[in-house]
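J.: Residue numbering for the sequence shown follows our numbering, beginning at 1 and increasing consecutively.
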Amino acid sequence: ARKDDVLYLVVDLVVLLFLLVLIVIAYHIIYRLIKSKLPDYTAESSLLRNILKFIAFLLMAASTLDLIFGVDATGIIAALGVSSVMVSIGLQDTVANIAAGIMLVMHHIFGIGDTIEIAGYRGVVQDLTWRETTILDFNGDIQSIPNKIFNSTTVNVLNESNKIRHIFEIEVRFDADLD
């Protein structure tokens, strides 16, 4: 009986490894397909890549639970659905940021490389994720702006003439006549 248990465990591990490899291969194929349809690096590809990673993780976790531990993952996924409502109430800001991030990508308000001004920040968009938009301001600092701010604040997408910023240092003697 002990040999059979070990044999079943080895077979389950081989099947699990095979499934995990298939999931990773499917992830890469789907991501390359999406990447071929989108420009080099856009907010859409960043967001879609994160969604694909999440789905691949869920598939791997469900496969592991089912094959190794014999746990039916459908019951766990249903329980997660109910508990996710309760968690989302506690994570309203995070959910608001994710929803706003999805809307920003869907409506193409701005993209990677665009210069924007919002809520006192002005800079070039570096990345757009589920939770935040990262910009590089004109002082060289990276600013992370929560996406939910974009729902309640005016966003200015600046054209080429508004991107230029000049800083001049002018020395004036204390006793100089400024009139």
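For every residue, glycine included, the Cβ atom is placed at its ideal position computed from N, Cα and C.
Considering only their Cβ atoms, is the gap separating Leu67 from Leu16 smaller than 8 Å?
T.: In contact: Leu16 and Leu67 (Cβ atoms closer than 8 Å).
J.: Output the boundary residues of the beta strand (DSSP E) element that contains Val125.
T.: Note, Val125: beta strand (DSSP E), Tyr121 to Leu128.
J.: Could you have a look at Val180 and say whether DSSP puts it in helix, strand or coil?
T.: Outside the shown range of the chain (1 to 179) lies residue 180, about which nothing can therefore be said.
J.: For Ile142, report the span of its alpha helix (DSSP H) as first-last.
T.: Premise fails: Ile142 lies in the beta strand (DSSP E), Ile142 to Pro146, not in any alpha helix (DSSP H).
J.: In terms of residues, what are the limits of the beta strand (DSSP E) holding Tyr151?
T.: For clarity, residue 151 is Asn in the given sequence; the question names Tyr instead. Counting along the chain, Asn151 falls outside any beta strand (DSSP E), though it belongs to the alpha helix (DSSP H) covering Ile149 to Ser152.
J.: Asn139: which of Val124, Pro146, Lys148 and Trp130 sits nearest, CA to CA?
T.: That would be Val124, whose Cα lies nearest to the Cα of Asn139.
J.: State the CB to CB distance for the pair Ile23 and Ala56, rounded to an integer number of angstroms; the pair is presumed to be in contact (CB under 8 Å).
T.: Yes, they are in contact, since the Cβ atoms of Ile23 and Ala56 sit about 5 Å apart, within 8 Å.
J.: Which residue marks the beginning of the beta strand (DSSP E) containing Asn156, and which one marks its end?
T.: Its beta strand (DSSP E) spans residues Asn156 to Leu158.
J.: Starting from Leu104 and walking both ways along the alpha helix (DSSP H), at which residues does that stretch end?
T.: Where Leu104 is concerned, the enclosing alpha helix (DSSP H) stretches over Gln92 to His107.
J.: Determine whether the beta carbon atoms of Leu128 and Gly101 lie at a separation below 8 Å.
T.: Going by C-beta atoms, Leu128 is nearer than 8 Å to Gly101.
J.: Give the straight-line distance between the Cα atoms of Ser63 and Gly81, rounded to the nearest whole angstrom.
T.: Spanning the two alpha carbons is a distance of roughly 18 Å.
J.: Going by DSSP in three states, Leu136 sits in which element: helix, strand or coil?
T.: Leu136 falls in the strand class under three-state DSSP.
J.: Can a CB atom of chain B be found closer than 8 Å to the CB of Ala100?
T.: In the structure shown, chain B does not exist; there is a single protein chain.
J.: Quick one: measure Cβ to Cβ for Ile109 and Ile135, integer angstroms, because I've assumed they're closer than 8 Å.
T.: With 8 Å as the limit, Ile109 and Ile135 do not qualify as a contact, their Cβ atoms being about 13 Å apart.
J.: Tell me the residue span of the beta strand (DSSP E) that contains Glu117.
T.: Note, Glu117: beta strand (DSSP E), Thr115 to Ile118.
J.: Just the C-alpha distance for Ala119 and Ile142, rounded to the nearest angstrom, thanks.
T.: Looking at the two C-alpha atoms, the distance is approximately 15 Å.
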